[in-house]
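Step one of this worksheet: look at the structure below.
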Amino acid sequence: MDSRFKIPSYLSKSISRHQLFRFPSSPLHDIYFIARAAAMPPIYRFQCTKANTAFGFDPYTYTSGRWLRDDHYERSSRYIAFDFGALCDRVLQLCPDAISIDSCKKLEGGFNRVFVFTMNNSRQLVARLPFVLAGPARLVTSSEVATIRYLQLKTKIPIPQIIDWNDDAKSPENTIGSEYIIMEHASGVQLSQVWDDMTGDQRVRCISAIFQKMKGATDLRFPSYGSIYLQDGLVHPFARQPLNEDFCIGPHCGSRYWPLKTRQRLNYGPWDNLDSFCEGLIDAGLANLSGSARDLDRKPSYYGSIDQHTAVLNSALPVLKQMSSNSCIVQSASPLLFHPDLHKRNIFVSEEDPTIITGIIDWQGASIEPAFWYSDDLPDFATPTDSDEDLYYKAYKASSQYYTPALSMPKSMDENLFRPFHYSYRTWKDGAIALHHEMVETARNWKGLNFEGQCLYSIPTSDSLLEYERAYRLFVAAQNLRYDLSNLLNSASDGWVPTENWEVTQTAHKEIFDGMLQAVLSNQNPEDDEPVQDEETLRSIWPFDLP
């Protein structure tokens, strides 16, 4: 039985390898593909406005990529209905020395649409509009504004100034018709654009400089977990914990606490201690279940019924509270604010000297979490892939230990101490078996992890052990399949591919499935522990939509 498995869909590091399928003649990585397929017609058709025509893009529709799974849902969830002309007018109003907008560039991420405006006097402003997937309406924008202003007040982290913002899309004063933040453009150039041209010494010094800046955030002390808001910007009836006369900690604005459809009462904080934080995680897991029942017929056998999810979540809570009293976890759970996506694309450096940090952007979703919550995060500038890259991983570890010890300490500890917390709210995504396995392994290793007393989670009896192991093997196979398939197709783990690669990827996807199906069907004598032995099982764990 494999001890632990890391889900590649949310861990940005290499996973331990498990054998997936046996291909007598055609290994997965040897499947060759050449592609051509008809592109899917656009979901939306809009009449172009004057502004739309002038800049050559559709400001409302997501156009940067397509998804191999739930493409219609993913793209429609990133459609924003707003007045682009009013946004242009507002940007011009904020630049009294400019008389026109020379150019506008549209950029899209997973949770925002960004417009970079360049005025006729060369001044640049950035407007960011959140997708509905970003988090709760109003809160996600107002918290980002407050977090940036708090950091600008308390630290020396270089963050572009916010010039204008509005968190109420329905306000009569908001002529744009969407939540938005308008900021100065960060000075310098994105680290992602110059990293490949930097020397090894420059990269090491740059990594050190990043953590010198981020030290300011990790040195801050907070009384509770949640998100930061302006005192006068947090609407009733949300609870709050004052920081000073201008700022407070309020509800966590992360999307994990705000499922789009639920019948459950939400528990979004703030939380004064780790026990209540754990209650929030379990309640988030339960809240997400109510929207999942209709999708059970699409899930693999290991996913589990709603009752099974509910049972494992409710059984996990007392164990998480048991674990929360452990001295090592207590020391690693101090409330900590850190950047939620500290990668090269969000870091700006000097064009003349790339070891000088000139800006750190995209603080959307930044919240105060237990320090160990960041223990799995690994920036892309530190991901080890070969001997040279390992140098930068070592520089990252050394810089983090020296400048941000509260952040680095949990990273140096046994990761099995924290894994149940990370899995506890996401059974609706992973399947009940994922959290169940983490809790079983924790119970088995209870003494080895230096927990006191008897673990309250029950280890499977001999009668149910075989079924449990079979379900977990299939879960591991599904995660490895997603990881390998994403690598082969050069897609994100959720199936996102750039629009220009859509046709070739569609054809490649179909050819890979056909090759794997043939390999499964031709394996006449599979071993008993082989997780995939027939077409039905293969289709059930296939991560992307099949024609």
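In my numbering, the protein residues as written are 851 to 1397. Note that beta-carbon positions come from the ideal geometry of N, C-alpha and C, so glycine has one too. For clarity, every value in this text was computed on a predicted model and none was experimentally measured.
Nearest candidate by alpha-carbon position, reference residue i, set the options
i       : options                               : result
Ser1077 : Leu1257, Ser1312, Leu1186 and Ser1037 : Leu1186
Ser1182 : Ser1174, Ile949 and Val964            : Ser1174
Lys1194 : Gln1329, Thr1025 and Val1039          : Val1039
Met1263 : Ser1165, Tyr1253 and Asp1226          : Asp1226
Val976  : Tyr1000, Ser1028 and Pro1010          : Pro1010
Tyr1152 : Leu1285, Pro1204 and Asn1300          : Leu1285
Pro1381 : Trp1352, Leu1335, Asp1395 and Ala1328 : Ala1328
Leu1001 : Pro980, Leu1131, Ser1217 and Glu1023  : Ser1217
Asp1395 : Trp1346, Asn1300, Cys1178 and Trp1015 : Trp1346
Lys1261 : Ala1137, Tyr1242, Tyr1253 and Leu1228 : Leu1228
Val982  : Ile1362, Gln974 and Ser927            : Ser927
Asp908  : Leu944, Leu957 and Val941             : Leu957
Tyr910  : Cys1056, Arg916, Arg940 and Leu979    : Leu979
Ile1060 : Asp1240, Phe1231 and Asn1375          : Phe1231
Asp1240 : Leu942, Gly1050, Lys1004 and Arg973   : Gly1050
Asn1295 : Glu1265, Arg1320 and Leu1324          : Glu1265
Asn1164 : Asp1082, Tyr1275, Ala1256 and Asp1147 : Tyr1275
Val1162 : Gln943, Pro1008 and Gly1135           : Gly1135
Cys1178 : Ala1166, Asp1212 and Ala1256          : Ala1256
Pro1204 : Cys1056, Asn1351, Met1259 and Cys1098 : Cys1056
Asp1125 : Pro1220, Leu1070, Lys1063 and Pro1092 : Pro1220
Asp921  : Phe1363, Asp1364, Ile1362 and Thr1349 : Thr1349
Residue i CB to nearest heavy atom of the ligand NAP below 6 Å
i       : result
Thr1049 : Judged by which ligands are present, the structure shown has none, so any question about the ligand NAP falls away.
Range covered by the alpha helix (DSSP H) that runs through residue i
i       : result
Trp1278 : Thr1277 to Asp1280
Glu1386 : Glu1385 to Ile1391
Glu1350 : No alpha helix (DSSP H) contains Glu1350, which DSSP labels as neither H nor E.
Gly1298 : Where Gly1298 is concerned, there is no enclosing alpha helix (DSSP H), given that its DSSP letter is neither H nor E.
Pro1185 : That residue, Pro1185, is in no alpha helix (DSSP H); its beta strand (DSSP E) goes Pro1185 to Leu1187.
Buried versus exposed call for residue i [16 or more other C-beta atoms within 10 Å across all chains shown]
i       : result
Arg1389 : exposed
Asp925  : Asp is not the amino acid found at residue 925; the sequence shown has Arg there. Answer is buried; the Cβ neighbour count reaches 16.
Pro986  : buried
Pro874  : Bear in mind that a pLDDT of 28 at Pro874, under 50, signals an unreliable position, so the model cannot answer this.
Ser1021 : exposed
Tyr1246 : buried
Val1085 : exposed
Gln1304 : exposed
Ile893  : Because the pLDDT at Ile893 is just 31, under 50, the model does not fix this residue reliably, and the value given afterwards should be weighed accordingly. Burial call: exposed.
His879  : Model confidence at His879 stands at a pLDDT of 28, short of 50, so the residue's coordinates are unreliable and nothing is read from them.
Asn1337 : exposed
Asn1094 : exposed
Tyr1107 : buried
Ser1249 : buried
Asn1300 : exposed
Thr1068 : buried
Glu1377 : exposed
His1189 : buried
Glu1385 : exposed
Ser1138 : Position check: residue 1138 holds Asn in this sequence, whereas Ser was assumed. When all chains shown are included, Asn1138 counts as buried.
Span of the beta strand (DSSP E) around residue i
i       : result
Ala977  : Gln974 to Pro980
Asp952  : Ile951 to Glu958
Asn1138 : That residue, Asn1138, is in no beta strand (DSSP E); its alpha helix (DSSP H) goes Leu1124 to Leu1139.
Met1033 : Tyr1030 to Glu1034
Leu1324 : Note, Leu1324: premise wrong, no beta strand (DSSP E); alpha helix (DSSP H) at Ser1312 to Leu1339.
Ile1207 : Ile1207 to Ile1210
Asn962  : Asn962 to Met969
Ile930  : Careful: Ile930 lies outside any beta strand (DSSP E) and carries neither H nor E.
Pro1220 : Ile1218 to Pro1220
Gly985  : Careful: Gly985 lies outside any beta strand (DSSP E) and carries neither H nor E.
Rounded distance between the beta-carbons of residue j and residue i, thought under 8 Å
i       : j       : result
Glu1288 : Tyr1273 : 5 Å
Ala1282 : His1102 : Going by Cβ atoms, the distance from Ala1282 to His1102 rounds to 24 Å, so no, they are not a contact pair.
Asn1117 : Asp1096 : Not confirmed; about 27 Å, so no contact.
Ser1341 : Thr1357 : Actually they do not touch by this definition, with Cβ atoms about 13 Å apart.
Gly1119 : Tyr1075 : 6 Å
Asn962  : Ala948  : Contact flag wrong, Cβ pair sits at about 24 Å.
Tyr1307 : Val1180 : Not a contact, Cβ separation roughly 20 Å.
Ile1391 : Pro1150 : 5 Å
His1359 : Leu1331 : Going by Cβ atoms, the distance from His1359 to Leu1331 rounds to 12 Å, so no, they are not a contact pair.
Arg919  : Pro1397 : Actually they do not touch by this definition, with Cβ atoms about 13 Å apart.
Val1054 : Tyr1242 : 7 Å
Ile1197 : Leu1041 : 4 Å
Ile1032 : Ile1013 : 5 Å
Phe1271 : Leu1131 : 7 Å
Lys1065 : Thr1254 : 6 Å
Cys945  : Arg973  : 6 Å
(message) Could you check whether the stretch 931-941 touches the stretch 1355-1371, counting it as contact only if at least three pairs of C-beta atoms, one from each stretch, sit closer than 8 Å?
(response) With a cut-off of 8 Å on Cβ pairs, the stretch 931-941 is not in contact with the stretch 1355-1371, counting fewer than three such pairs.
(message) If contact is defined by three or more beta carbon pairs under 8 Å, each pair taking one atom from either stretch, is the stretch 901-917 in contact with the stretch 988-1003?
(response) Contact fails between the stretch 988-1003 and the stretch 901-917, because fewer than three Cβ pairs, one in each stretch, are under 8 Å apart.
(request) Would you check if there are 3 or more beta carbon pairs closer than 8 Å linking the stretch 943-956 to the stretch 965-983? (result) Flag = yes, the stretch 943-956 and the stretch 965-983 touch.
(message) Under 8 Å, with one C-beta from each stretch per pair, do the stretch 1196-1214 and the stretch 1029-1047 reach the 3-pair mark?
(response) They touch, by the three-pair rule.
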